[in-house]
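In what follows, a structure is listed as structure tokens, so that the remarks can point back to it.
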């Protein structure tokens, strides 16, 4: 097929990348459209329309010639953030009705004991209990009475819920009772979304399984409805292939596979950044990078170390815990649309609330009244008035100036430009402080890492953040503003399942564990084959969670398949080395405990190959124009060169202060910065020690 498409629906913009396989060097084009709430599908078709018009074809013609379409969805995320999920009932074992509220005593901040927990997604009156019990070895201690199950279904039907979560004690060892309850619910209430903990993630941890099942039920109806409707709309307009949805684990899956476990998509969009980060780490020749994806609403940060991206077994969003694997992503509440205001104490605050896409920054002319980081950058001359989004949106600089003056400068008693500089300075410090905390928690020396800019807003801030932290350098890809949509085209189909073990390594039942792995792989192969992936494109990998006996926290390490005494011993050696790297000590003779084994079944897709830019132009061009901009190191405006990205050729070097304008982003070079265009058309930026943070 002629085209491959990646789409990422963000909080402010919906991004699209389209690869034309018939063009010279597989030409990659990128597009943006404002995201649309409450129906994100409108923004998807808006950006498809922009791409089709650029290619001089209809949307139907574009879709009908597309052989791959990957989609990142924020629907599940938005449901959690906005608290507008389904009305959910919970069925728990008798005596465990309140475990959802007790939360094992977990607090986001262990020192802030006065801060209340997030409200339970299921109120107490909708938490039903069943007299049953599975023992610690998986034996049936008390079987549920069929009549009790039927009465339970009657009560749930009378409650008028939209979804039901089922989590019975020790069901990860024996799912017989959960299966019986689920069967009765599906038989009697076929229109209600049913979420069963043993089907989702059969792992130890009664609270985590309960919370996962509840979150799955909470986001399920709206997420599944949206994805099915969107996919039907795409196929109805000519798409011949099955759309693939990005999961939180960084792998793609079809809607049918995701429909029973939409909780796996709560970090759908940002997770695609992992593939993009690895790709750009390769093009920049840096094994260790900090991927800095700054959009209109927030910043998503992930780290690649030795060409690998970190993952975690438990995901947390808005204080709710989900026992599903995910890419290790940190989110900062600062973006281009982050609002600046004066607090009650008379101090300037930036964030964390955002203007989003509606109403958006004041300069967007969409009804926004509150000044944002984008408005400050515009007032400072760092953004072009008529070059935003390739000139499709003319920014309102007078509106931005008036908002900053009235709401910030005048109350603070300072000049307009000084107020705008202060907004940007605080935003940059918020970002740098968050990265410092991340580095401290993860044991990273940021001086060894390159900052990879992603997202439409990052190019204006990475110079200052990098200089504040003393990082090794900056790498800004041409496609930075649509990083996650590009990442879709570098991802694989991925299914994962976790096997709980919790045994000393020397006491693990090797044969039993390998049999469980083989069962998981066989079932996954059937599903991958049904999606059209041949067996020669299928593979399986395993990751063990290991810890020293007595420890709470575990470290994930790869395990070669099949599982044998030798493969576990090799994993133990890796664990000791990683423990040394993370914590600067190890105990080679200390007994280890295997907490769990995660089995990843992978379906390899054809990857995007980064197009090179050699021969793009016969001669290097000069600056496109000049304009004045404001910097902290100058009391007066500074005349800077403005370069047009499309005019720059590999090998060309630009010195700051300057701005490089791409179609969907702008890159600020501060004093002491030099940007060199590499063979892929991307910008490798180095900073002199005499420079100044912007």
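In the working numbering, the protein residues as written are 3 to 696. Ideal Cβ placement from N, Cα and C applies to all residues, glycine included.
Between the region 209-223 and the region 272-280, do at least 3 Cβ pairs fall closer than 8 Å?
no
Using only CA atoms, which one of 394, 414 and 425 lies nearest to residue 402?
425
I'd like the list of long-range same chain contacts for residue 65, defined as Cβ closer than 6 Å, with 5 residues on each side in sequence excluded.
239, 240 and 241
Segments assigned alpha helix (DSSP H), at least 4 residues, entirely inside the region 480-568
485-490 and 512-532
Does residue 400 pass the burial test, meaning 16 or more other C-beta atoms within 10 Å, or should it be called exposed?
exposed
Which residues DSSP lists as bridging residue 374, in chain order:
341
Residue 697: which of 588, 198 and 586 sits nearest, CA to CA?
Nothing in the structure corresponds to residue 697, since the chain is present only between 3 and 696.
Please go through the same chain and pick out, in chain order, the residues whose beta-carbon is closer than 8 Å to the beta-carbon of residue 371, but skip the five residues on each side of it.
361, 364 and 405
Skipping 5 residues on each side, what residues in its chain have a beta carbon closer than 8 Å to that of residue 104?
209
So residue 671 packs on residue 660, CB below 8 Å; how close in whole Å?
5 Å
What is the DSSP secondary structure of residue 227, reduced to helix, strand or coil?
helix
In the DSSP assignment, the alpha helix (DSSP H) including residue 701 goes from what residue to what residue?
The first residue shown for the chain is 3 and the last is 696, placing residue 701 beyond what the model contains.
How about residue 613 and residue 645: are their beta carbons less than 7 Å apart?
no
Hey, how far is the Cα of residue 620 from the Cα of residue 681?
Any reading at residue 620 must be qualified, since the residue scores a pLDDT of 49, below 50, and its modelled position is unreliable; the value itself is stated next. Straight-line Cα distance between these residues: approximately 15 Å.
Between the alpha carbons of residue 327 and residue 315, how many angstroms are there, rounded?
4 Å
Residue 356 beta carbon less than 7 Å from that of residue 369:
no
Where are the beta strand (DSSP E) runs, 3 residues long or more, that stay fully inside the region 154-232, in chain order?
165-169 and 195-198
Are the beta-carbon atoms belonging to residue 668 and residue 385 less than 7 Å from one another?
yes
Alpha carbon to alpha carbon, how far is residue 306 from residue 144?
48 Å
Note down, in chain order, each residue of its chain lying with its Cβ closer than 6 Å to the Cβ of residue 137, except the 5 sequence neighbours on either side.
143
From 605, 601 and 578, pick the residue whose C-alpha is nearest to that of residue 593; which is it?
578
Does residue 504 pass the burial test, meaning 16 or more other C-beta atoms within 10 Å, or should it be called exposed?
exposed
Where does residue 275 sit, in a helix, a strand or coil, going by DSSP?
helix
State buried or exposed for residue 94, treating a residue as buried only when at least 16 other CB atoms are found within 10 Å of its CB.
buried
Under three-state DSSP, which class holds residue 307?
strand
What would DSSP say about residue 323, mapped onto helix, strand or coil?
strand
Count the CB pairs spanning the region 484-502 and the region 466-476 that are closer than 8 Å, and state whether there are at least three.
no
What did DSSP end up calling residue 583 once you bin it into helix, strand or coil?
helix
Applying the criterion that 16 or more other CB atoms from any shown protein chain within 10 Å of the CB defines a buried residue, is residue 677 buried or exposed?
buried
Identity of the residue in 4, 77 and 71 nearest residue 267 by Cα
77
Do you know how far the Cα of residue 548 is from the Cα of residue 605?
26 Å
Expressed to the nearest angstrom, what Euclidean distance is found between the alpha-carbon atoms of residue 418 and residue 412?
8 Å
Between the region 476-495 and the region 341-349, do at least 3 Cβ pairs fall closer than 8 Å?
no
Local conformation of residue 620 per DSSP, three classes
Its pLDDT being 49, under 50, residue 620 is placed unreliably by the model, and nothing is read from it.
Could you check if residue 1 is buried or exposed, using at least 16 other CB atoms within 10 Å of its CB as the buried criterion?
The structure shown does not extend to residue 1, since the chain is modelled only from 3 through 696, so no value can be given for it.
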